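Chains as they are written, first to last, in my numbering: chain A, 11 to 124; chain B, 15 to 126.
What follows is the structure in C-alpha cells.
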C-alpha cells in the first residue's frame with residue numbers, strides 16, 4: 011500500500027512559468043516532509059522540507075505547502091528554469107511514532123521547456 | 015557534499031550468487047538507509063539502521079540482509095541474487111528522521 015503518492019508521472023512547463031508538483035499521503039502519523047530532486051545517474055539531492063507544525067516553507071524559488079487536513083503537499087517552483095528539469099520525489103517521515111525511516115513517492119518528471 | 019561513498023558503483027553478477035554492497039560515511043550520522051530505485055516505483059526502502067547493530071526492515075526487504083558493525087559502514091547483502099534485484103541501489107544517511115537525508119551516488123546492479 012503506497013503511503014506517499016505522486017499521481018502525476020510527468021509535467022511540462024514553459025521556462026519562467028510556475029511549476030507545481032503534488033504529493034498525497036495516507037499516514038496521519040507523518041510529521042516531516044521533504045522534497046528531493048534527482049538528475050540521471052546521480053543520487054537524489056535534498057531540496058526543501060517542512061514540519062507538520064507549519065503550512066508553508068520558502069527557500070528562494072522553491073516553496074512547499076502542507077495541507078494536513080487534506081494530507082496533501084505541493085512544491086512550487088517560480089520561476090521555472092531549464093536546469094530544474096529532473097525527477098522530483100516527495101518523502102515523509104514519522105519521528106513521533108518511533109520509526110526512523112523516510113517513505114518516498116514514485117516521483118514526477120519535470121521538464122522545463124526553453 | 016555529505017561524505018557518503020557507495021561501492022562498487024557498477025556490478026554485474028550471475029543469478030544465485032551472493033552480492034554485498036557497501037555504504038561508507040564520514041559524517042558520524044546515526045541513521046543509515048538502503049533504497050532501490052526502479053521505474054514506476056520510485057525509491058523503496060529495503061532496510062535501515064538507527065544505530066550500530068540496530069537495524070530494521072523496510073518495504074521490500076525480502077532477499078536482502080544488512081549489517082552495521084560500526085557507525086560508518088552499512089552493508090547490504092543479496093543472499094542469492096535474482097533478476098528481480100536488478101536495480102539502482104542508493105544509500106542515505108541522516109542525523110535524525112526530521113532532518114534531511116543525504117544520498118550516495120548509487121550502485122547499478124545487474125543480475126544476469
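Every residue, glycine too, gets a C-beta built ideally from N, C-alpha and C. Small disclaimer: the values here were computed from a predicted structure and weren't measured.
* Give the interface partners of residue 116/A over in chain B, defined as CB-CB distance under 9 angstroms, in chain order. => Taking the first residue of the first chain as position 1, residue 116/A is located at position 106. Chain B residues near residue 116/A: 54, 55, 56, 57.
* Asked: Is residue 65/B helix, strand or coil by DSSP?
  -> Taking the first residue of the second chain as 1, we reach residue 65/B at position 51. DSSP places residue 65/B in strand when its eight states are reduced to three.
* Coil, strand or helix - residue 76/B by DSSP -> For the purposes of this step, residue 76/B is taken as residue 62 along the second chain, with counting starting at 1. Three-state result, residue 76/B: coil.
* **Cβ-based contacts, 7 angstroms cut-off: residues of the stretch 87–99 of chain A near chain B** => 99
* Burial state of residue 93/B (16 or more Cβ within 10 Å) -> Taking the first residue of the second chain as 1, we reach residue 93/B at position 79. It counts as exposed.
* Determine, using beta-carbon pairs with one atom in the stretch 47–58 of chain A and one in the stretch 23–35 of chain A, whether at least three such pairs fall under 8 angstroms. => no
* Asked: Would you say residue 38/A reaches chain B, if we count a Cβ-Cβ gap shorter than 8 angstroms as a contact?
  -> Residue numbering aside, residue 38/A sits at position 28 when the first chain is read from its first letter. Judged by the 8 angstroms Cβ criterion, residue 38/A is not in contact with chain B.
* Does the separation of the CB atoms of residue 23/A and residue 83/A fall below 8 angstroms? -> Mapped onto the first chain, residue 23/A falls at position 13. Mapped onto the first chain, residue 83/A falls at position 73. No, the Cβ-Cβ distance between residue 23/A and residue 83/A is not below 8 angstroms.
* By how many angstroms is the C-alpha of residue 114/A removed from the C-alpha of residue 74/B? -> As a working mapping, residue 74/B is identified with position 60 in the second chain. As a working mapping, residue 114/A is identified with position 104 in the first chain. Cα to Cα, the separation comes out at about 13 angstroms.
* Asked: What is the rounded straight-line gap between the Cα of residue 19/A and the Cα of residue 58/A?
  -> Numbered from its first residue, the first chain carries residue 19/A at position 9. Numbered from its first residue, the first chain carries residue 58/A at position 48. Distance between the alpha carbons of residue 19/A and residue 58/A: 20 angstroms.
* Extent of the continuous beta strand (DSSP E) run through residue 73/A -> Within the first chain, the letter at position 63 stands for residue 73/A. 72–77 is the extent of the beta strand (DSSP E) around residue 73/A.
* Could you please give me the residues that DSSP links to residue 162/A through a beta bridge? => With chain A represented from 11 up to 124, any question about residue 162/A goes unanswered, as that position is not in the structure.
* Compare the C-alpha of residue 59/B against each of 31/B, 67/B, 76/B and name the closest. => Your numbering for residue 59/B matches position 45 in the second chain. Nearest of 31/B, 67/B, 76/B to residue 59/B, Cα basis: 76/B.
* Which chain B residues are close to residue 44/A, counting only those with a beta carbon under 8 angstroms from its beta carbon? -> Residue numbering aside, residue 44/A sits at position 34 when the first chain is read from its first letter. 114, 115, listed in chain order.
* Have a look at 84/B, 26/B, 110/B and flag the residue whose alpha-carbon is nearest the alpha-carbon of residue 38/B. => Position 24 of the second chain, counted from the first residue, corresponds to residue 38/B. For the residues 84/B, 26/B, 110/B, the minimum Cα distance to residue 38/B belongs to 84/B.
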